[in-house]
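211 is the number that the working numbering gives to position 181 of the sequence shown; each next residue is one higher, with no gaps.
Ideal Cβ positions, reconstructed from N, Cα and C, are used throughout, including at glycine.
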Amino acid sequence: MTIDLRGKTSNEILECFEALDVEGGEIVEAEVLESDIESIGYKACVDLAQLYFMKLLTPIKKDENTTILRFQKLHVKSSFHNDKDNGREKYGVESDFFSIDKTKQFSFLYHYKKALEFIDVKSKKRVLNLGVNRGDEFRVIQEMLTCEEFSTVEFVGIDYSASAIEFAKKEFSQHENVEFFCHDVNALSELELGRFDLIISIGTLQSSNIEFNATFMSIYQNYLASGGAMVLGFPNCRWIEGEMIYGAKAPNYPFSELSLVLKDIHFCKKYLQQKKYRAVVTGKDYLFLTARKIAQVKI
């Protein structure tokens with residue numbers, strides 16, 4: 031399918047895409063003027079693709095004045111969000127979720143690293159990750175530290191997926207300071223973990239089988255060391271065919287709706303502020319609530 035977007039306004043372009051009727055895998059070629067590209071930029075084109083569950087393919091130069099933008103429609107149902115009980119672990123090594131590496135997405139990696147810098151990750155000696163899966167978040171920390179610094183930190187990862195935990199154990203098998211447990215976050219007391227200088231949880235506490243408020247408070251009260259820090263990640267995206275699409279799917283809405291995410295973030299932020307923490311909210315596709323203890327000034 032080919033559409034002519036030459037000289038059209040942004041509103042007219044949106045109307046063209048609203049009217050499209052394309053199936054997953056189908057490619058839409060849009061002719062645009064070079065002057066229009068210079069005006070709106072390719073970033074706007076990437077955003078346009080995501081809004082309509084497409085991905086932007088490599089543009090083709092048609093002539094001196096015209097470029098062809100190529101948009102491929104994603105198979106919307108091809109997502110781990112739609113996975114049902116099919117005899118395999120939803121987040122295990124054979125799942126669609128497992129094939130995703132969030133740390134390869136710059137909008138995730140940048141804000142995650144900034145969160146770790148905010149809480150001074152180099153000063154932490156015990157780190158707990160709830161929902162660690164294959165250990166990608168630990169790998170980022172490893173890359174931020176020297177070999178000697180990394181070896182002096184005790185890392186503990188918890189995940190309910192047995193196959194993901196076995197994979198993580200093999201990935202970090204050369205590091206005696208990194209330990210993984212296949213366990214339910216709802217039953218952490220069975221592990222006698224102790225307290226940690228840093229607790230990380232990316233997109234886990236929002237799981238349907240977890241009572242968010244009660245679990246968050248329990249984690250703070252029972253596992254965070256005095257003066258410890260927290261990095262909580264709240265997904266504001268969905269994954270379709272391995273593409274990170276901005277805007278989390280909300281129940282009963284055909285569009286992205288942030289009320290539930292903001293409600294959870296507000297609860298945690300207010301709770302931590304009451305405990306004398308400085309809490310900041312950053313990010314885009316993943317929203318990060320990062321909290322560190324406010325330094326007490328001695329008089």
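Q. If you drop the 5 nearest sequence neighbours on each side, which residues of the same chain put their C-beta closer than 6 Å to that of Ser191?
A. Within the sequence shown, the letter at position 161 stands for residue 191. Glu119, Tyr121 and Gly122.
Q: Pull up the DSSP beta-bridge partners for Ile229, would you.
A: Within the sequence shown, the letter at position 199 stands for residue 229. According to DSSP, which records beta bridges pairwise, Ile229 is partnered with Leu158 and Met260.
Q.
As a quick exercise: from Asp66, Glu167, Asp34 and Ala321, pick the residue whose alpha carbon is nearest that of Gly187.
A. The count along the sequence shown starts at 1 and reaches residue 187 at position 157. Checking every option, the nearest Cα to that of Gly187 belongs to Glu167.
Q) Mapping DSSP to helix, strand and coil, what is Tyr82? A) One-based indexing of the sequence shown puts residue 82 at position 52. Tyr82 carries a coil assignment under DSSP once its states are collapsed to helix, strand and coil.
Q. In this structure, what does DSSP give as the bridge partners for Pro265?
A. Position 235 of the sequence shown, counted from the first residue, corresponds to residue 265. DSSP lists Tyr316 as partners of Pro265.
Q | For Arg268 and Ile98, the rounded distance between their alpha carbons | A | The sequence position of residue 98 within the sequence shown is 68, counting from 1. The sequence position of residue 268 within the sequence shown is 238, counting from 1. Going from the Cα of Ile98 to the Cα of Arg268 covers about 27 Å.
Q: May I ask you to verify whether the stretch 149-164 touches the stretch 267-286, counting CB pairs closer than 8 Å and requiring at least 3?
A: Touching, no.
Q.
As a quick exercise: from Glu68, Leu228, Lys299 and Ile171, pick the residue whose alpha carbon is nearest that of Asn243.
A. Walking along the sequence shown from the start, residue 243 turns up at place 213. If we check each option's Cα against that of Asn243, Lys299 comes out closest.
Q.
Could you pull the DSSP bridge partners for Gln102 from this structure?
A. Here residue 102 corresponds to residue number 72 of the sequence shown, with the count starting at 1. Paired residues: Ile57 and Lys85.
Q.
By the DSSP assignment, the alpha helix (DSSP H) with Met274 in it spans what residues?
A. As a first step, residue 274 must be located in the sequence shown, where it is residue number 244. Run containing Met274: none in the alpha helix (DSSP H); it sits in the beta strand (DSSP E), Glu273 to Tyr276.
**Q.** Residue from Arg225, Lys200 and Ile232 with nearest C-alpha to Tyr253
**A.** Against the sequence shown, residue 253 aligns to sequence position 223. Comparing Cα positions, the closest option is Arg225.
(Q) Quick check on Val310: buried or exposed, where buried means 16 or more other Cβ atoms within 10 Å of its Cβ? (A) Walking along the sequence shown from the start, residue 310 turns up at place 280. Under this definition Val310 is an exposed residue.
Q. By a C-beta neighbour count over all protein chains shown, 10 Å radius and 16 as the cutoff for buried, is Glu273 buried or exposed?
A. Within the sequence shown, numbered from 1, the residue matching residue 273 stands at position 243. Classification of Glu273: buried, given that the 10 Å Cβ count is 16 or more.
Q: Quick one: grab the DSSP three-state call for Ala321.
A: What you label residue 321 is simply residue 291 of the sequence shown in a count that begins at 1. Look at Ala321 here: in three-state DSSP terms it is strand.
Q: Quickly, what does DSSP pair Cys337 with across the bridge? List them, please.
A: Because the chain in this structure spans residues 31 to 329, residue 337 falls outside the shown range and cannot be described.
Q.
One question on the structure: do Cys46 and Ile57 come within less than 8 Å of each other, judged by their Cβ atoms?
A. Locating residue 46 in the sequence shown gives position 16, where the first residue counts as 1. Locating residue 57 in the sequence shown gives position 27, where the first residue counts as 1. Ile57 sits away from Cys46, with the two beta carbons spaced by 8 Å or more.
(Q) Per DSSP, what are the beta-bridge partners of Ala309 in this structure? (A) Working through the sequence shown from its first residue, we reach residue 309 at position 279. In the DSSP secondary-structure assignment, Ala309 is bridged to Ala321.
Q: Put Asp189 into one of helix, strand or coil per three-state DSSP.
A: Locating residue 189 in the sequence shown gives position 159, where the first residue counts as 1. In the structure shown, Asp189 sits in a strand (DSSP, three-state: E or B).
Q.
Once the 5 residues before and after Lys5 are set aside, which same chain residues still bring their CB inside 8 Å of it?
A. This structure does not reach residue 5, given that the chain is present from 31 up to 329, and the question cannot be answered.
**Q.** Own chain, CB closer than 6 Å to Gly233, minus 5 neighbours either side, in chain order
**A.** Working through the sequence shown from its first residue, we reach residue 233 at position 203. Gly263 and Pro265.
**Q.** Among Ser203, Gln135 and Lys200, the one whose alpha carbon lies nearest that of Val170
**A.** One-based indexing of the sequence shown puts residue 170 at position 140. Checking every option, the nearest Cα to that of Val170 belongs to Gln135.
Q.
Tell me which residue opens and which closes the beta strand (DSSP E) that Asp34 is part of.
A. Working through the sequence shown from its first residue, we reach residue 34 at position 4. Where Asp34 is concerned, the enclosing beta strand (DSSP E) stretches over Thr32 to Asp34.
Q: Closer than 6 Å by C-beta to Leu158: which residues in its own chain qualify, once you throw out the five before and the five after it? Chain order, please.
A: Walking along the sequence shown from the start, residue 158 turns up at place 128. Counting only Cβ-Cβ distances below 6 Å, and skipping sequence neighbours, we find Val186, Phe226 and Ile229.
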